[in-house]
Structures are given as C-alpha cells and as structure tokens.
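Scroll down for the structure; my scribbles are underneath it.
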Amino acid sequence: MPGDAAFQERVLIATLRLLESASGPVLADFPEDAPATLRELAAGQVCPIRYADDRENADIGTAFLREVEALQPWHDLARERRGRTTVGLSGLSAPSAAAVVASFLEGSAVSCFDGLSAGATLKLVCEDLRAYYYEAAAARPGTPDADAIQNWFWRDTAAGQVFLDIYRSCLGHPDKSLKMLCATSLVPKSVLVTLAPES
Numbered sequence: 107m108p109g110d111a112a113f114q115e116r117v118l119i120a121t122l123r124l125l126e127s128a129s130g131p132v133l134a135d136f137p138e139d140a141p142a143t144l145r146e147l148a149a150g151q152v153c154p155i156r157y158a159d160d161r162e163n164a165d166i167g168t169a170f171l172r173e174v175e176a177l178q179p180w181h182d183l184a185r186e187r188r189g190r191t192t193v194g195l196s197g198l199s200a201p202s203a204a205a206v207v208a209s210f211l212e213g214s215a216v217s218c219f220d221g222l223s224a225g226a227t228l229k230l231v232c233e234d235l236r237a238y239y240y241e242a243a244a245a246r247p248g249t250p251d252a253d254a255i256q257n258w259f260w261r262d263t264a265a266g267q268v269f270l271d272i273y274r275s276c277l278g279h280p281d282k283s284l285k286m287l288c289a290t291s292l293v294p295k296s297v298l299v300t301l302a303p304e305s
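Letter by letter, the sequence shown follows residues 107 to 305 of our numbering.
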C-alpha cells in the first residue's frame with residue numbers, strides 16, 4: 107500500500123521469514139487484511155478495454171465486433187457470479203449476434219428467424235446484445251448502478267453508436283417491421299432526446 111511504510115515492512119518481514127522454512131514450497135496466509143484504502147482503490151479500477159481508440163482506428167462495425175469480443179471475459183464473470191444470464195433469446199452467441207447487426211448496418215438484409223419479420227428478428231438480436239453489454243458492465247469493478255451502465259452503453263461504446271445508426275437507417279426503411287422497431291424499442295426515448303435530437 108503506497109504511503110503505509112509500517113504495513114509494507116510487516117509484509118516484507120513475513121515474506122523473508124518464509125525463507126527460513128526447512129522445506130518448500132511454502133504457502134502461508136498473511137495474518138492481516140490489506141488496509142481498507144487499498145481495497146477501495148481496487149474497487150474503483152476501471153475496465154481496461156479502450157473503446158475510444160478502437161472507434162478512432164476502425165470503422166464503427168469493426169470496432170463494434172472487437173468490442174463484443176473484448177467484453178466476453180466480463181460477461182463470463184457476470185454469468186458465473188449470478189448463475190444465470192438473460193442473453194440467449196435469439197439463440198445466437200454474442201459475436202454471432204453482433205455479426206448480424208454489423209451486416210445489417212452495412213446494408214445486408216436481415217436473415218429472418220422462422221416466422222418472424224425482419225424487425226422482430228433484429229429486435230431479438232439487439233435485445234440479446236444490450237443484455238450482454240449490461241451484464242458485462244455490471245461485473246466490472248466499482249459496481250456501477252443502472253444509470254451509470256446505461257450512460258456507458260449509449261455514450262461510450264461502439265454498440266451504442268451502432269444502435270443509433272440502425273435507428274436512423276430504419277426510420278425511412280421500406281420494411282414496416284423495421285420502422286416499428288425504431289418507433290417502439292430500439293433506442294430509449296430519453297437517449298434519443300440527449301444523443302440523437304436530430305432524429
């Protein structure tokens with residue numbers, strides 16, 4: 107712990123005393139917990155993924171696909187801690203769902219699920235991706251609340267930008283189901299007011 111010389115000394119002395127053991131290897135617990143301030147610093151660490159750099163150096167679709175991949179360890183941790191996940195309505199993995207969304211953003215038609223319209227299919231895929239991001243964000247250090255997670259998703263991720271781009275492209279789309287998706291559920295109205303007032 108920086109600035110706590112007494113604690114540092116006790117740790118070093120305990121470490122050196124391990125060398126006095128008659129045989130090894132030796133595994134021993136240190137009898138003291140780290141100072142509370144150290145635990146607080148650790149809890150405040152941020153996710154090491156650098157989304158802004160990706161968005162500056164690649165097109166938004168590529169940055170989005172990289173971002174989904176980079177979040178996988180956080181989502182795995184969230185699922186392990188909670189023992190469940192809300193991701194999976196579409197039946198696609200997160201990378202596969204992201205590929206569908208990125209492909210649509212590039213102008214490809216949506217490959218509809220059996221019996222569903224393009225809008226309903228895209229809705230399931232986007233809901234899975236949003237749940238994936240929100241669950242991954244909740245597993246990161248610092249235990250962010252729901253508002254912080256929503257702000258992070260819409261303001262700081264490539265996914266948020268992709269969803270806004272899809273919203274704009276669907277507004278004038280000839281497919282009524284895609285127009286309905288944009289009108290009802292793709293982007294929250296509160297986000298549209300602050301981030302896409304021109305839409």
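All residues carry an ideal CB built from backbone N, CA and C; glycine is no exception. Since we're looking at a predicted model, the values are computed, not measured.
Contact check, residue i vs residue j, beta carbons under 9 angstroms
{"i": "residue 222", "j": "residue 230", "result": "yes"}
{"i": "residue 292", "j": "residue 232", "result": "yes"}
{"i": "residue 275", "j": "residue 224", "result": "no"}
Exposed unless 16 or more other CB atoms sit within 10 angstroms - verdict on residue i
{"i": "residue 300", "result": "exposed"}
{"i": "residue 228", "result": "buried"}
{"i": "residue 241", "result": "buried"}
{"i": "residue 197", "result": "exposed"}
{"i": "residue 119", "result": "exposed"}
{"i": "residue 132", "result": "exposed"}
{"i": "residue 124", "result": "exposed"}
DSSP state of residue i mapped onto helix, strand, coil
{"i": "residue 133", "result": "coil"}
{"i": "residue 250", "result": "coil"}
{"i": "residue 280", "result": "coil"}
{"i": "residue 172", "result": "helix"}
{"i": "residue 237", "result": "helix"}
{"i": "residue 138", "result": "coil"}
{"i": "residue 269", "result": "helix"}
Of the listed residues the options, nearest to residue i (C-alpha basis)
{"i": "residue 175", "options": "235, 130, 189, 122", "result": "235"}
{"i": "residue 245", "options": "269, 297, 178, 215", "result": "178"}
{"i": "residue 264", "options": "294, 252, 169, 122", "result": "169"}
{"i": "residue 287", "options": "273, 206, 137, 262", "result": "273"}
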